[in-house]
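See below for the structure under consideration.
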Amino acid sequence: SFGTSASAPVVGSIINLINEKRIEAGKKPVGFVNPTLYAHPEILNDVTNGDNPGCGTKGFSAVQGWDPVTGMGTPNYPEMEKLFMSLP
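The sequence shown: position 26 = 26 (the UniProt record's numbering), numbered continuously.
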């Protein structure tokens, strides 16, 4: 109910929706999205507070930019769609 078990299907669904819109517009699917995500962090909501303690450790803290707790952040679908639709 937490972590990648919840987030991976959500992100996969978002990319699928974007691919459907791209195909409807006569474009190819986005393919490997990591380079685009890292080049355009503004299409993600940066999570900057919180942590993931467990197993007797403090775990990691969320910070500005990439962190081990939330990665680059949470998807901002409208911004992701706008960017990916603007790409060839």
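Note that CB positions come from ideal geometry on N, CA and C, so glycine has one too. Computed from a predicted structure; not experimentally measured.
Determine the direct distance from the alpha carbon of His40 to that of Ile23, and round the result to whole angstroms.
-> Start at 1 with the first residue of the sequence shown, and residue 23 comes out as number 23. Start at 1 with the first residue of the sequence shown, and residue 40 comes out as number 40. Their backbone Cα atoms lie some 22 Å apart in a straight line.
Could you tell me the distance, in whole angstroms, from the CA atom of Pro29 to the CA atom of Glu81?
-> For the purposes of this step, residue 29 is identified with residue 29 of the sequence shown, where counting begins at 1. For the purposes of this step, residue 81 is identified with residue 81 of the sequence shown, where counting begins at 1. Distance between the alpha carbons of Pro29 and Glu81: 12 Å.
Assuming Thr74 contacts Gln64 under a Cβ cut-off of 8 Å, what Cβ separation, rounded to an integer in Å, is found between them?
-> Here the question's residue 74 lines up with position 74 in the sequence shown. Here the question's residue 64 lines up with position 64 in the sequence shown. Rounded, the Cβ-Cβ distance is 14 Å, inconsistent with contact.
Leaving out the 5 sequence neighbours to the left and right, which residues in its chain are closer than 7 Å to Asn52 when beta-carbon positions are compared?
-> Translated into the one-based positions of the sequence shown, residue 52 becomes position 52. Excluding sequence neighbours, Asn52 sits near Gly59, Phe60, Val69.
From which residue to which residue does the alpha helix (DSSP H) around Gly71 run?
-> For the purposes of this step, residue 71 is identified with residue 71 of the sequence shown, where counting begins at 1. Counting along the chain, Gly71 falls outside any alpha helix (DSSP H), and DSSP gives it neither H nor E.
Can you tell me whether DSSP reads Thr48 as helix, strand or coil?
-> Here the question's residue 48 lines up with position 48 in the sequence shown. Assigned with DSSP and collapsed to three states, Thr48 falls in coil, not helix or strand.
Would you report the Cα separation of Asn34 and Gly26, rounded to the nearest angstrom?
-> Counted from its first residue, the sequence shown places residue 34 at position 34. Counted from its first residue, the sequence shown places residue 26 at position 26. About 22 Å.
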